[in-house]
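What follows is one structure encoded as structure tokens, with my remarks underneath.
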Amino acid sequence: MGVSVFYFDQLLHGIERRSLWLIPAVALLRLVFVASSELDLIGDEAYYWEWSRRPDWCYFSKPPMVAWLIGGFTWLLGDETWVVRLPAVVLGAVSLWFLQATARGFFGPRASVLCLLLILATPAQVLANFLMTIDPPLYCFWIMTLYFLRRALFADDSRAWWWAGFSAAAALLSKQAALLLPLMLAVFLLLDAQRRHYLRREFCWFLLPVVLVVVQIVVWNHAHDWVMFGHSKSHFTPHDAIDGWQRLKHGLEFIAYQLLLLSPLIWLMTLGVTLQGLVQFKTLSAERRFLWLFGPVLILAVIALSLLQKVQGNWPMPFYLSALILLAGDWLDGHWSRLMKPALAFGAMLVVITYALPLALKLLHLQGTPLDPTKRFNQWRTMAASIDAGRRKTGVDLADSFVIATGHRYLASGLAFYLAGHPPVFRFETSGMVQSQYELWSAPDAGFSGKDAFVVSEDGPDRFSPKLAAAFQSLTWIARINNPARPQHPYHLYLGRQLTHWPGFFLDAHHEYANTAP
Numbered sequence: 001m002g003v004s005v006f007y008f009d010q011l012l013h014g015i016e017r018r019s020l021w022l023i024p025a026v027a028l029l030r031l032v033f034v035a036s037s038e039l040d041l042i043g044d045e046a047y048y049w050e051w052s053r054r055p056d057w058c059y060f061s062k063p064p065m066v067a068w069l070i071g072g073f074t075w076l077l078g079d080e081t082w083v084v085r086l087p088a089v090v091l092g093a094v095s096l097w098f099l100q101a102t103a104r105g106f107f108g109p110r111a112s113v114l115c116l117l118l119i120l121a122t123p124a125q126v127l128a129n130f131l132m133t134i135d136p137p138l139y140c141f142w143i144m145t146l147y148f149l150r151r152a153l154f155a156d157d158s159r160a161w162w163w164a165g166f167s168a169a170a171a172l173l174s175k176q177a178a179l180l181l182p183l184m185l186a187v188f189l190l191l192d193a194q195r196r197h198y199l200r201r202e203f204c205w206f207l208l209p210v211v212l213v214v215v216q217i218v219v220w221n222h223a224h225d226w227v228m229f230g231h232s233k234s235h236f237t238p239h240d241a242i243d244g245w246q247r248l249k250h251g252l253e254f255i256a257y258q259l260l261l262l263s264p265l266i267w268l269m270t271l272g273v274t275l276q277g278l279v280q281f282k283t284l285s286a287e288r289r290f291l292w293l294f295g296p297v298l299i300l301a302v303i304a305l306s307l308l309q310k311v312q313g314n315w316p317m318p319f320y321l322s323a324l325i326l327l328a329g330d331w332l333d334g335h336w337s338r339l340m341k342p343a344l345a346f347g348a349m350l351v352v353i354t355y356a357l358p359l360a361l362k363l364l365h366l367q368g369t370p371l372d373p374t375k376r377f378n379q380w381r382t383m384a385a386s387i388d389a390g391r392r393k394t395g396v397d398l399a400d401s402f403v404i405a406t407g408h409r410y411l412a413s414g415l416a417f418y419l420a421g422h423p424p425v426f427r428f429e430t431s432g433m434v435q436s437q438y439e440l441w442s443a444p445d446a447g448f449s450g451k452d453a454f455v456v457s458e459d460g461p462d463r464f465s466p467k468l469a470a471a472f473q474s475l476t477w478i479a480r481i482n483n484p485a486r487p488q489h490p491y492h493l494y495l496g497r498q499l500t501h502w503p504g505f506f507l508d509a510h511h512e513y514a515n516t517a518p
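Position 433 of the sequence shown, counted from 1, bears residue number 433 in my numbering, the numbering being contiguous throughout.
See below:
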């Protein structure tokens with residue numbers, strides 16, 4: 001046992017000496033994976049890319065950071081799949097640096113290396129550095145906030161209060177969950193008599209950038225009938241009564257997601273750290289209490305919530321950052337020594353499998369089969385090619401026409417990205433309700449009056465919306481389009497001649513919002 005620990009320490013020491021190159025090397029490997037990947041954007045990525053084409057201060061379901069980042073990168077490098085995902089790689093590298101620097105500040109260099117290895121051994125990191133959703137910026141700015149708060153609280157760095165505030169504000173621009181940062185900081189300061197005086201002045205410095213972002217979001221929502229607040233509320237409003245068995249099922253499903261995303265042994269160790277902190281909270285040092293409040297206690301809250309309603313598996317992901325730092329510190333104190341090496345080895349194996357999965361499916365000719373878990377990544381490009389072929393056969397000037405999608409917002413955004421020339425795409429919501437950002441944007445205005453449109457819908461001619469059909473001088477069925485994701489539910493392509501008007505919709509701040517976004 002002693003020899004094994006010795007060699008593990010030597011490994012950590014060797015990685016520590018080369019840590020300057022570890023993060024760039026990891027980022028380079030991730031960049032190669034993203035650039036060489038044949039996987040399409042998922043619906044959310046294409047949806048956020050659509051947001052980026054119309055910069056704003058807020059959007060239907062989320063703050064604007066993801067759209068700003070995608071917009072900046074695509075403005076520089078073009079509207080390509082790998083470019084949309086490039087911010088995730090960059091943010092991931094920045095996150096790794098701040099994570100190891102925060103762990104080093106709390107527990108020293110060995111803990112920083114171990115924390116780095118722990119995060120790299122989680123499959124969640126593969127997804128967070130491949131898919132450009134709201135999560136990569138949230139994780140990045142969350143750990144940046146913890147880094148600067150550590151300097152402010154435990155290294156007496158007064159300027160760090162401002163940097164922590166700016167980081168927390170950037171996190172809030174990424175996702176509403178970042179409101180927990182000032183809340184948990186206030187809780188920590190109230191509980192820590194030695195640092196409670198910071199509430200009088202320094203906490204206000206920290207809070208100022210956050211408040212400015214809150215004001216920006218509130219002003220935008222006031223002008224748009226509070227749609228983001230209504231959507232966010234829907235995540236915590238049960239739509240149907242559920243019994244005890246259903247609650248247990250939701251809780252078990254959530255735990256299963258955590259085991260997959262973090263890898264089983266790493267998650268069990270973080271759970272152990274979480275429960276240990278709960279039992280020993282009064283005797284914890286101020287540093288450990290700080291880390292516990294910004295992570296493990298929030299993990300417990302999400303686990304409890306999962307027993308009351310359905311919870312998305314990615315919700316607690318930023319909370320694991322401080323939990324992993326605590327875990328590394330516990331290992332230095334002699335805990336978890338038996339589990340640490342197998343946990344890292346098993347997690348690394350899952351990460352390798354995750355990266356190798358697309359290639360393995362291709363070599364084994366399993367792509368598109370029921371055994372292919374990446375099917376959701378392989379639909380838009382193929383479908384767009386079929387639709388483009390149908391559009392060209394009509395002889396209509398594609399540059400002088402536009403596209404309308406009915407159904408889910410993912411259809412509209414996927415077509416907007418993958419159809420040739422990135423044409424303007426509008427979404428027709430048959431219910432007349434505001435269910436996505438598309439309903440907040442202007443409908444086809446006078447500039448589209450008299451133009452032809454291609455309509456893509458799941459509805460065949462016998463079920464097509466009469467309201468939308470009446471908006472054109474004529475409507476002609478063109479082709480049936482295969483749906484790779486759901487072959488039993490094909491799409492239909494129509495040509496609408498000469499748009500006369502756009503069927504109206506209404507904005508009702510009190511309606512029940514769709515609960516499909518992460």
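Ideal placement from N, C-alpha and C gives every residue a C-beta, glycine not left out.
Close CB contacts of Arg54 within its chain, under the 7 Å cut and outside five residues either way in sequence, are with Trp441 (chain order). Judged by beta-carbon spacing, Ile255 lies beyond the 8 Å limit of Ala343, meaning their Cβ atoms are not closer than that value. For Trp205, same chain residues with a beta-carbon under 7 Å away, outside a window of 5 residues either side, are Trp161, Trp162 and Gly165 in chain order. Excluding five sequence positions before and after Pro490, the CB atoms of its chain that fall closer than 7 Å to its own CB belong to Arg480, Ile481, Asn482 and Asn483, given in chain order. When only Cα atoms are considered, Leu305 and Leu275 end up about 17 Å apart. Phe229 sits in a helix when the DSSP states are folded into three classes.
Assigned with DSSP and collapsed to three states, Ser449 falls in coil, not helix or strand.
Excluding the 5 residues flanking it on each side, Leu179 has same chain C-beta neighbours closer than 7 Å at Leu172, in chain order.
Around the beta carbon of Asp445, fewer than 16 other beta carbons sit within 10 angstroms, so the residue counts as exposed.
The straight-line gap separating the alpha-carbon atoms of Ser158 and Gln194 is approximately 16 Å.
Following the DSSP letters along the chain, one finds Ser474 inside the beta strand (DSSP E) bounded by residues Phe472 to Ile481.
The three-state reading of DSSP puts Ala103 in helix, counting H, G and I together. Looking at the backbone, the Cα of Tyr59 and that of Val219 are separated by about 12 Å.
Beta-bridge partners assigned by DSSP to Phe402: Ala453. With a contact defined as Cβ atoms closer than 8 Å, Leu41 and Val90 miss out at about 17 Å.
By the C-beta criterion, the region 140-149 is judged to be in contact with the region 316-323, since at least 3 inter-stretch pairs fall below 8 Å. Contact between the region 284-299 and the region 62-82 is absent, with fewer than three C-beta pairs closer than 8 Å. Apart from the 5 residues on each side of it in sequence, Trp331 sits with its Cβ closer than 8 Å to the Cβ of Ala111, Leu114, Ser337 and Met340 in its chain, given in chain order. Taking Tyr418 as reference, the option from Ile387, Trp21 and Asp372 with the minimal CA-CA separation is Ile387. In the DSSP annotation of this structure, the continuous segment of the beta strand (DSSP E) that includes Gln498 starts and ends at Tyr491 to Leu499. For Val396, the three-state secondary structure derived from DSSP is coil. Per DSSP, Arg376 has no beta-bridge partner at all. According to the DSSP secondary-structure assignment, Arg18 is paired through a beta bridge with no residue. Minimum Cα-Cα distance from Trp82 among the listed residues Val94, Ala453, Val32 and Phe346 corresponds to Val32. Three or more beta-carbon pairs drawn from the region 448-467 and the region 401-408 are found closer than 8 Å, and the two stretches are therefore classed as touching.
Boundaries of the alpha helix (DSSP H) around Val187: Leu180 to Leu191. Residue range Glu202 to Ala223 is occupied by the alpha helix (DSSP H) that includes Val218, with no beta strand (DSSP E) assigned at that position.
Comparing alpha-carbon positions, the option among Gln488, Leu493 and Glu45 lying closest to Val456 turns out to be Leu493.
Ser263 places its beta carbon 8 Å or farther from that of Ala128.
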